[in-house]
Amino acid sequence: MPSNEDRQRAASTRTGWALSAPALLLLGFAASGPLLIVLVYSFLTPGDYGNVVWKFSLDGWRGILFTRDIFDGTLQLADAHLSIFWRSVKLSLLTTAITFAVGFPTAWFIATRSPKSRALWLFLITIPFWTNLLIRTVAINEVIRNEGIINTLLIRIGLIGEPLRIIYTDTAVLIGMAYVYLPLMVLPLFAAIDRFDMKLLEAGYDLYASRWQVLRRVILPIVKPGIVAGSILVFVPSLGAYVTPRVLGGGKNMMIGNFIELQFGAGRNWPLGAALSMTLLIIVTVALLFYVRAANRGSPHG
Amino acid sequence: MAERAFSATRLPGFATIAVVVFLVLYLPIFTLVIFSFNDANSVAIWGGFSLRWYQIAWANDDVKEAAVRSLIIATSAALIATTVATMAALGTTRRAAFKGQTLIYVIINQPLMVPEIVTAVALLIFFGFIKVTTGYQGLGYLIAAHSAFCVPFAYLPIRARLEGMDLSLETAAADLYATPWQTFRKVTLPILLPGIIAGAMLAFVISLDDVVITEFVKSGGQDTLPTYMLGQIRRAVTPDVNAISTALLVLTVLLLTAFFLLTRRRD
């Protein structure tokens, strides 16, 4: 016979589920559930005018890496696709590296301020974090484009005759992504440095360590969970970026996100677009699992 | 320490880099704001102060409709997301950990983990199917999509507030024969309210800012301010885009400041 306590516990669990149900239903309807449909679509045949024909096919998945020759029907590596993947991975890794290189000193700076001014500096980092990504991309666009601030200034003072062509290049996308995703690196780094016991630094210096040695042997190993978190938080949205490469990269410098959109628009290859989306989702999931593992290992005592 | 002029926490060059980072972070935004008040047609050469780009933007019916649509969607999404998030937060805290709780966390936080473009594509397919089947083309799809991805943003501050509340007040209310509903109405809700408002504001800001999912889910003629801007930039950046951006920016900063004041820890 169940004890009174067991019954109360079961009732509490039921209430927990009941209260969570509306949120779960909403997310199942307009977020998680539709992902399954994407999986199904990746195994179908493209329709002539977009959408799909309900006929099983592996062409969507095959199309990620291979293209079928129009004449003899043999499969060949799709160079155009590979260059888009390579650009996405390269730009995402570079974005992560740049944001870390400038984000770490920034996070350190904020964490070593007096408690009062620290809140203000933190607020200054948080504002761009919550500000519309499109607006920040537009702002960068106006700085770097041909008739933008930098070029106008440089031409006016006579340093250059022709505008520097930055816009619609990979460099422009890189500048833009580093700019918009920087707060995502600084915030977790700050959280890790904030917990760091500064007495360890004095211990290091007392043992005649140089500043470089202290940074490399004491600080970096201890704040590693923050580094991992920041890197994942920057890498994941960079890889799936859509707005920044579209605005700053123009039509030619596509990343995976724009390539996916193309399949649902002019490309009229929904199964390929669905397979690409699933691939992106898998990469992101692997990155997140890696993060969870690293975070668990980094926490003290297991 | 001070007499040796040696600070253990100082690392050479870090402060300089940090100051440069803050300048680089804010200069483009400031330039955008300043040039929205520019009288000249250029977004790079100053031609005197004027509000003409705001007047031009406001006189444009597309902009006005997009602004109204953005506000309708953001308000509805914030209300729906906050309601279900508050319930879920109450359901997942203040009771012994139960089986499946982790699953609930994962589903609720899923929009933070899945790349937006993937969700956008999924909704394009799914809602496209419903649009064809039912014939309904209204704003409901955008509201549903926005409500869903706003849930974690509303949930997290509300849960944080609940976890900081101790149970003794509710126990006291129950001891005084208050029904669970009375306890909730008269005790839990008033204490929780700042967290709920904070969550709602965050959800509102997130909905207002969304580009990618809206771009894929909207039917013809359903532009929001961000998707309208995205369409404009494709042609050429005109200063009225700066004016719209500045207006959105001001709204965001106001809401965020209020959010921080509400969630500030009281020491």
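Top line first, the protein sequences correspond to chains W and Y. Using the numbering used here, the first residue of the first sequence is number 1385, and each one after it goes up by one. Using the numbering used here, the first residue of the second sequence is number 6, and each one after it goes up by one. Ideal placement from N, C-alpha and C gives every residue a C-beta, glycine not left out.
Legend entry - Y:Y182 to Y:L174 span [Cα, whole Å]: Taking the first residue of the second sequence as position 1, residue 182 of chain Y is located at position 177. Taking the first residue of the second sequence as position 1, residue 174 of chain Y is located at position 169. When rounded, the distance between both Cα atoms is 13 Å.
Legend entry - Assigned exposure category for W:S1476 - 16 Cβ within 10 Å defines buried: The count along the first sequence starts at 1 and reaches residue 1476 of chain W at position 92. Label assigned to W:S1476: buried.
Legend entry - Span of the beta strand (DSSP E) around Y:T243: To locate residue 243 of chain Y, count along the second sequence from 1; it is residue 238. Segment: none, Y:T243 is in no beta strand (DSSP E) and carries neither H nor E.
Inset, instruction - With 9 Å as the limit, tell me which residues of the segment 1484 to 1503 of chain W have their beta carbon closer than that to any beta carbon of chain Y; keep them in chain order. - result: Within the segment 1484 to 1503 of chain W, the residues whose Cβ lies closer than 9 Å to some Cβ of chain Y are A1485, V1486, G1487, F1488, P1489, T1490, A1491, W1492, F1493, I1494, A1495, T1496 and A1503, listed in chain order.
Legend entry - Within 7 Å of chain W by C-beta, residues of the segment 124 to 146 of chain Y in sequence order: Residues passing the 7 Å Cβ filter: T124, V126, A127, L128, L129, I130 and F131.
Inset, instruction - Could you please give me the residues that DSSP links to W:Q1460 through a beta bridge? - result: The residue given as residue 1460 of chain W occupies position 76 in the first sequence. In DSSP, W:Q1460 forms a bridge with W:T1451.
Inset, instruction - State the CB to CB distance for the pair W:Q1647 and W:L1664, rounded to an integer number of angstroms; the pair is presumed to be in contact (CB under 8 Å). - result: Start at 1 with the first residue of the first sequence, and residue 1647 of chain W comes out as number 263. Start at 1 with the first residue of the first sequence, and residue 1664 of chain W comes out as number 280. The Cβ separation is near 12 Å, so there is no contact.
Legend entry - Supposed contact pair W:L1632 and W:I1524 - C-beta distance, whole angstroms, cut 8 Å: For this step, residue 1524 of chain W is matched to residue 140 along the first sequence. For this step, residue 1632 of chain W is matched to residue 248 along the first sequence. W:L1632 and W:I1524 do touch by the CB rule: their CB atoms are close to 7 Å apart, below 8 Å.
Inset, instruction - Could you check which residue in Y:V210, Y:V38, Y:W186 and Y:T243 has the C-alpha nearest to that of Y:T87? - result: Here residue 87 of chain Y refers to the residue found at position 82 of the second sequence. It is Y:V210 whose Cα lies nearest to the Cα of Y:T87.
Legend entry - the segment 97 to 108 of chain Y contacting the segment 1592 to 1603 of chain W, beta-carbon criterion three pairs below 8 Å: Contact between the segment 97 to 108 of chain Y and the segment 1592 to 1603 of chain W is absent: fewer than three C-beta pairs spanning the two stretches fall below 8 Å.
Legend entry - Residue-chain proximity (W:R1595, chain Y), Cβ-Cβ < 8 Å: Mapped onto the first sequence, residue 1595 of chain W falls at position 211. Look at W:R1595: its C-beta is under 8 Å from a C-beta on chain Y.
Inset, instruction - Starting from the beta carbon of Y:F214, find every residue of chain W whose beta carbon is closer than 9 Å, and list them in chain order. - result: The residue you call residue 214 of chain Y lines up with position 209 of the second sequence. Checking the sequence shown, residue 214 of chain Y turns out to be Asp, not Phe. W1514, T1515, N1516, L1517, L1518 and I1519, listed in chain order.
Legend entry - W:G1431 - DSSP class collapsed to helix/strand/coil: Counting from one through the first sequence, the residue named residue 1431 of chain W turns up at place 47. Reduced to three states, the DSSP call for W:G1431 is coil.
Legend entry - Beta-carbon gap between W:R1652 and W:Y1433 smaller than 8 Å: Here residue 1652 of chain W refers to the residue found at position 268 of the first sequence. Here residue 1433 of chain W refers to the residue found at position 49 of the first sequence. It is a contact, given that the beta carbons lie within the stated cut-off.
Inset, instruction - Closer than 8 Å by beta-carbon distance: list the chain Y residues that pair up with W:Y1425, in chain order. - result: Here residue 1425 of chain W refers to the residue found at position 41 when the first sequence is read from its first residue. Those are I130, listed as they occur along chain Y.
Legend entry - Integer Cβ distance of Y:V30 from W:L1566, believed to fall under 8 Å: In the second sequence, residue 30 of chain Y corresponds to position 25, counting from 1. In the first sequence, residue 1566 of chain W corresponds to position 182, counting from 1. The question names Val, but residue 30 of chain Y in the sequence shown is Leu. About 7 Å separates the two Cβ atoms, so the contact holds.
Inset, instruction - Measure the C-alpha to C-alpha separation of Y:V38 and Y:T232 and round it to an integer number of angstroms. - result: As a position in the second sequence, residue 38 of chain Y is number 33, starting the count at 1. As a position in the second sequence, residue 232 of chain Y is number 227, starting the count at 1. Their Cα atoms are separated by approximately 20 Å.
Inset, instruction - Please list, in chain order, all residues of the same chain as Y:F221 whose beta carbon is under 6 Å from its beta carbon, the five residues on each side excluded. - result: The count along the second sequence starts at 1 and reaches residue 221 of chain Y at position 216. Here the set comprises A125 and L129.
Inset, instruction - Could you confirm whether any beta carbon from chain W is found closer than 8 Å to the beta carbon of Y:F265? - result: For the purposes of this step, residue 265 of chain Y is taken as the residue at position 260 of the second sequence. Output row for Y:F265: interface = yes.
Inset, instruction - For Y:P195, count neighbouring Cβ atoms within 10 angstroms of its own Cβ and tell me buried if that reaches 16, exposed if not. - result: As a position in the second sequence, residue 195 of chain Y is number 190, starting the count at 1. Under this definition Y:P195 is an exposed residue.
Legend entry - Other residues of its chain near W:F1450: CB distance less than 8 Å, five sequence neighbours each side excluded: Position 66 of the first sequence holds residue 1450 of chain W. Excluding positions up to five away in sequence, the list reads L1459, Q1460, L1461 and A1462.
Legend entry - Bridge partner(s) assigned by DSSP for Y:N43: Within the second sequence, the letter at position 38 stands for residue 43 of chain Y. Looking at the DSSP output, Y:N43 shares a beta bridge with Y:F54.
Legend entry - CB contact below 8 Å: Y:I113 versus chain W: For the purposes of this step, residue 113 of chain Y is identified with residue 108 of the second sequence, where counting begins at 1. The beta carbon of Y:I113 sits closer than 8 Å to some beta carbon of chain W.
Inset, instruction - Please state if the CB of W:V1668 and the CB of Y:P33 are separated by a distance shorter than 8 Å. - result: Here residue 33 of chain Y corresponds to residue number 28 of the second sequence, with the count starting at 1. Here residue 1668 of chain W corresponds to residue number 284 of the first sequence, with the count starting at 1. 8 Å or more divides the Cβ of Y:P33 from the Cβ of W:V1668.
Inset, instruction - Report yes or no: do the segment 1483 to 1497 of chain W and the segment 1572 to 1579 of chain W share at least 3 C-beta pairs separated by less than 8 Å? - result: Touching, yes.
Inset, instruction - Compare the Cα-Cα distances from W:I1519 to each of Y:T14, Y:A13, Y:Q237 and Y:A23 and report the closest residue. - result: Along the first sequence, read from residue 1 onward, the residue named residue 1519 of chain W stands at position 135. Nearest option by C-alpha distance: Y:Q237.
Legend entry - Sequence-distant residues of its chain with Cβ nearer than 8 Å to W:R1502 (five each side left out): Translated into positions along the first sequence, residue 1502 of chain W becomes position 118. The beta carbon of W:R1502 lies closer than 8 Å to those of I1494 and A1495 in the same chain, with the five residues before and after it left out.
Inset, instruction - Step through the CB atoms of chain W and report whether any lies within less than 8 Å of the CB of Y:F42. - result: Here residue 42 of chain Y corresponds to residue number 37 of the second sequence, with the count starting at 1. No, because no Cβ of chain W sits closer than 8 Å to the Cβ of Y:F42.
Legend entry - Where the segment 1409 to 1422 of chain W meets chain Y: residues whose CB sits under 7 Å from a CB there: Of all residues in the segment 1409 to 1422 of chain W, L1410, L1411, F1413, A1414, A1415, S1416, P1418, L1419, I1421 and V1422 have a Cβ within less than 7 Å of some Cβ in chain Y.
Legend entry - Identified DSSP bridge partners for W:V1436: Residue 1436 of chain W sits at position 52 when you count from the first residue of the first sequence. Beta-bridge pairing links W:V1436 to W:P1430.
Legend entry - Within chain W, the residues that Y:E70 reaches when beta carbons sit closer than 7 Å: Within the second sequence, numbered from 1, the residue matching residue 70 of chain Y stands at position 65. Ordered by position in chain W, no residue passes the 7 Å Cβ test against Y:E70, which lies about 18 Å from the chain.
Legend entry - Rounded C-alpha distance that separates Y:N114 from Y:L260: The sequence position of residue 114 of chain Y within the second sequence is 109, counting from 1. The sequence position of residue 260 of chain Y within the second sequence is 255, counting from 1. Looking at the two C-alpha atoms, the distance is approximately 23 Å.
Legend entry - Separation of Y:A62 from Y:F40, as counted between CA atoms: Residue mapping note: residue 40 of chain Y aligns to position 35 of the second sequence, counting from 1. Residue mapping note: residue 62 of chain Y aligns to position 57 of the second sequence, counting from 1. Straight-line Cα distance between these residues: approximately 14 Å.
Legend entry - Where Y:S12 falls, given that 16 or more other Cβ within 10 Å makes a residue buried: One-based indexing of the second sequence puts residue 12 of chain Y at position 7. By the neighbour-count rule (16 or more Cβ atoms within 10 Å), Y:S12 is not buried but exposed.
Legend entry - Spatially closest choice to Y:A82 from Y:L266, Y:V217 and Y:S212, by CA coordinates: In the second sequence, counting from the first residue as 1, residue 82 of chain Y sits at position 77. The residue with the shortest Cα to Cα distance from Y:A82 is Y:S212.
Legend entry - Local Cβ density within 10 Å of W:W1492, reported as buried at 16 or more and exposed below that: Position 108 of the first sequence, counting from 1, holds the residue named residue 1492 of chain W. Classification for W:W1492: buried.
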